[in-house]
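What follows is a set of notes on a single structure, which appears directly below.
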Amino acid sequence: MGRLGQTWHMSFTVKSLVLVGCRGGAGHTHRLIRLRQYERSESDGTWERIQGDDEWFLRKTEEGVEQYPRPEFRCPKCKRERVYEHDVFQRELERAASDDGLLLI
């Protein structure tokens, strides 16, 4: 640590690209399979899927029917599935971006 009165700055890199993948589950591990990639939108700061846009579903609210993002993942190798609510998924992507850039389902 520095002397009293000195300021130390920790530097870390927040990635602008996050890979969502699967390595299998307990007893069924396999090589990393890339499922999707997301990048940070410069316009609004949210994470958006790079390839395709099939994460929307319709839900009924008091105001009527609206589209809502709900990412669903299924590994083609081990059949592991994961469904995220949008806000939770955005937080998970943010955490992965400040860590190693990988989010495992």
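The opening position of the sequence shown corresponds to residue 157 in this note's numbering, with each subsequent residue numbered one higher. Beta carbons are placed, not taken as given, at the ideal position from N, Cα and C, and that holds for glycine.
Backbone CA spacing between residue i and residue j [nearest angstrom]
i: residue 202; j: residue 178; result: 23 Å
i: residue 233; j: residue 181; result: 11 Å
i: residue 240; j: residue 250; result: 14 Å
i: residue 217; j: residue 244; result: 20 Å
i: residue 190; j: residue 176; result: 6 Å
i: residue 185; j: residue 220; result: 44 Å
Whole-number beta carbon distance between residue j and residue i, since they are thought to touch under 8 Å
i: residue 214; j: residue 223; result: 6 Å
Per-residue burial, residue i [other beta carbons within 10 Å of its own, 16 or more giving buried]
i: residue 188; result: exposed
i: residue 256; result: exposed
i: residue 173; result: exposed
Unbroken beta strand (DSSP E) run spanning residue i, endpoints
i: residue 223; result: 220 to 225
i: residue 246; result: That residue, residue 246, is in no beta strand (DSSP E); its alpha helix (DSSP H) goes 242 to 254.
i: residue 228; result: 228 to 230
i: residue 189; result: 184 to 196
i: residue 234; result: Run containing residue 234: none; DSSP gives neither H nor E here.
i: residue 180; result: 173 to 181
i: residue 204; result: 203 to 205
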